[in-house]
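Input: a single structure, listed below in structure tokens.
There are 2 protein chains.
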Amino acid sequence: MTTIENPVRNGVDTATLFATLDAVKANNDIAKFQFRATNRWVSGTHNRSTFHGFHGAKQEMTHRQPFTFDADHPAVLVGTDNGPTPVEFVLHALAACLTAGLANIAAARGVNLTEVESTVEGDIDLLGILGLSDQVRNGYQQIKVSFKLRGDDPDKLRQVVEQSRRRSAVYDIVTNGVPVAIEVDAG
Amino acid sequence: MTTIENPVRNGVDTATLFATLDAVKANNDIAKFQFRATNRWVSGTHNRSTFHGFHGAKQEMTHRQPFTFDADHPAVLVGTDNGPTPVEFVLHALAACLTAGLANIAAARGVNLTEVESTVEGDIDLLGILGLSDQVRNGYQQIKVSFKLRGDDPDKLRQVVEQSRRRSAVYDIVTNGVPVAIEVDAG
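Those sequence lines, one after another, are chains E and P. The first sequence lines up with residues 2 to 188 when you count with this note's numbering. The second sequence lines up with residues 2 to 188 when you count with this note's numbering.
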């Protein structure tokens, strides 16, 4: 029996994925990226971010279209509920990064996925951001991600999730923190 | 001259804001929230999150509509560019949280805003997530937020940004990290 390699698995073009890895190995500078968002205040807790340009592979690039997202607080938090809260976008970023990673890793390992769903829950005590307790942090106290995967052998699926965790940019950001500098032009 | 207190400033209903603070002071359990996202894999690096329900103020609540967002990788990162990357959503969350906070804080202090814009830049070296270097972290190496504010006295505006930083949930998450637990149902 002849086995034909499938270059596209889980919707991932593995031939291009491996070619990209080879290109980065040959020239590490290709891997230096800068992502950007611009945000504009609308009113109250409602504001809007746009993503378009980024730097990568030694050049300025753009998404094929600008992407725009609103954020707001719900009424119970004195907002107008024109979008999810900022902290909810962190949960999306985490789920999205782990899920993209596991699709890639499964494809690279020849593991087929048929279904991936996750629920992300973040517990937060608003006594922190409201300035009502010095004992309570501002951000989430803990986050739980619950994955449901269907596809090939369950053990292989679990290993793919673990490898995605080990290589996830957002998991690293959210668990380990990143230095943030803030500059202000006030006039 | 009689000064009339303006209960709405910067689009923030300050009367409701202070009433909410009083309610939380009287019953701290109101402040315990859980936010959630559900994510579903579409294909390759493309996936989609939905936000609808959350817990807060001692009850299950919902946004007034479900919000749905796609994430993907651009073509240069072997994706199909159907949405921003997961790491870009982190930048949006950070800008949105700081901006919502400063609108609230300015309103509470009687400071008028006319314009708030920010650009957030995150530097990342993909040698980390590609598994090509043990010396490079997976996530952003640094993030820079550049605010442009217009409104009342510039010194007051700068103080408002500083207080927003000190009380921002996402700034705390991104700079200090949060424990993340991952559960897997693989079948």
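Yeah, the Cβ is synthetic: ideal placement off N, Cα and C, and Gly gets one too.
Could you pull the start and end residues of the alpha helix (DSSP H) that Leu150 of chain E belongs to?
It is not in any alpha helix (DSSP H) - Leu150 of chain E instead sits in the beta strand (DSSP E) that spans Gln143 to Gly152.
May I ask which residues mark the beginning and end of the alpha helix (DSSP H) holding Lys157 of chain E?
Pro155 to Arg167 is the span of the alpha helix (DSSP H), which, as asked, contains Lys157 of chain E.
Measuring CB atoms only, is the region 40-59 of chain E touching the region 128-135 of chain P, in the sense that at least three cross pairs come out at less than 8 Å?
Because the criterion of three Cβ pairs below 8 Å is not met, the region 40-59 of chain E and the region 128-135 of chain P do not touch.
Compare the Cα-Cα distances from Leu158 of chain E to each of E:Ala104, E:Trp42 and E:Arg168 and report the closest residue.
Checking every option, the nearest Cα to that of Leu158 of chain E belongs to E:Ala104.
If we cut at 8 Å on Cβ distances, does Gly188 of chain E have a partner in chain P?
Output row for Gly188 of chain E: interface = yes.
Going by DSSP, which residues form a beta bridge with His47 of chain P?
Partner(s): P:Ser44.
Anything in chain P within Cβ reach of Ala32 of chain E, meaning under 7 Å, just list it in chain order.
The contacting residues are Asp126, Leu127, Leu128 and Leu131.
Select from P:His64, P:Ala97, P:Leu78 and P:Leu18 the residue whose C-alpha is nearest the C-alpha of Thr63 of chain E.
Checking every option, the nearest Cα to that of Thr63 of chain E belongs to P:Leu78.
Taking beta-carbon pairs under 9 Å, can you tell me which members of the region 144-158 of chain P lie near chain E?
Per Cβ criterion, the list reads Ile144, Lys145, Val146, Ser147, Phe148, Lys149, Leu150, Arg151, Gly152, Asp154, Pro155, Asp156, Lys157 and Leu158.
Could you please tell me which residues of the region 76-91 of chain P, in chain order, have their CB closer than 7 Å to any CB of chain E?
Taking 7 Å as the Cβ-Cβ cut-off against chain E, the residues of the region 76-91 of chain P that qualify are Val77, Val79, Asp82, Gly84, Pro85, Thr86, Pro87, Val88, Glu89, Phe90 and Val91.
May I have the straight-line CA-CA distance separating Gly152 of chain P from Val9 of chain P, to the nearest angstrom?
Rounded to the nearest angstrom, the two C-alpha atoms are 16 Å apart.
With H, G and I counted as helix, E and B as strand and the rest as coil, what does DSSP make of Pro67 of chain E?
It is a strand residue.
Would a C-beta distance cut-off of 8 Å place Ser119 of chain P and Ser165 of chain P closer than the cut-off?
No. Outside cutoff.
Spell out whether any CB of chain P is found under 8 Å from the CB atom of Val112 of chain E.
Taking Cβ atoms only, chain P never reaches closer than 8 Å to Val112 of chain E, which makes this a no.
Closest Cβ-Cβ distance between Glu61 of chain P and chain E: below 8 Å?
No, because no Cβ of chain E sits closer than 8 Å to the Cβ of Glu61 of chain P.
What does Asp23 of chain P touch in chain E if you count any residue whose Cβ is under 9 Å from its own?
Neighbours of Asp23 of chain P on chain E: none; closest Cβ ~10 Å, over 9 Å.
Should Thr100 of chain P and Val181 of chain E be called a contact, given that it needs their Cβ atoms to be closer than 8 Å?
Contact flag unset, no.
At what residues does the beta strand (DSSP E) containing Ala187 of chain E begin and finish?
It spans Val181 to Ala187 - the beta strand (DSSP E) in which Ala187 of chain E sits, taken as one unbroken run.
Any beta carbon from chain E within less than 8 Å of Asn28 of chain P's own beta carbon?
No, no contact with chain E.
Does DSSP put His56 of chain E in a helix, in a strand, or in coil?
If DSSP states are grouped into helix, strand and coil, His56 of chain E belongs with the strands.
What three-state label does DSSP hand Arg138 of chain E in the structure shown?
Correct three-state label for Arg138 of chain E: coil.
Are the CB atoms of Gly80 of chain E and Gly54 of chain E within a distance shorter than 8 Å?
In this structure, Gly80 of chain E does not lie closer than 8 Å to Gly54 of chain E by Cβ.
Helix, strand or coil for Thr15 of chain E per DSSP?
Helix at Thr15 of chain E.
Using a Cβ-Cβ distance under 8 Å, would Pro8 of chain P count as near chain E?
With 8 Å as the cut-off, Pro8 of chain P does not count as an interface residue toward chain E.
Whole-angstrom Cβ separation of Leu95 of chain E and Val161 of chain E, contact assumed at under 8 Å?
No, Leu95 of chain E and Val161 of chain E are not in contact; Cβ-Cβ is about 17 Å, not under 8 Å.
Going along chain P, which residues have a C-beta under 9 Å from Gln35 of chain E?
Simply Glu122, Gly123, Asp124 and Ile125.
Considering only residues of the same chain and omitting the five flanking positions on each side of Val25 of chain P, which have a CB-CB separation below 6 Å?
So the qualifying residues of the chain are Ile31 and Ala32.
Which bits of chain E does Gly178 of chain P rub up against, with CB to CB less than 7 Å?
Within chain E, the residues near Gly178 of chain P are Val175, Thr176, Asn177 and Gly178.
Would you mind sorting Asn28 of chain E into buried or exposed? The rule is 16 or more other CB atoms within 10 Å of its CB.
It counts as exposed.
Using the Cβ count rule (16 or more neighbours within 10 Å means buried), how would you classify Phe19 of chain P?
Exposed is the call here.
Do you know whose CA, among P:Ala107, P:Gly111, P:Val117 and P:Pro75, lies nearest Val43 of chain E's CA?
Comparing Cα positions, the closest option is P:Val117.
Can you list the residues of chain P that Gly57 of chain E reaches, using a CB-CB cut of under 7 Å?
In chain order: Val77.
Within 8 Å of any Cβ in chain E, is that where the Cβ of Asp14 of chain P sits?
So, interface residue.
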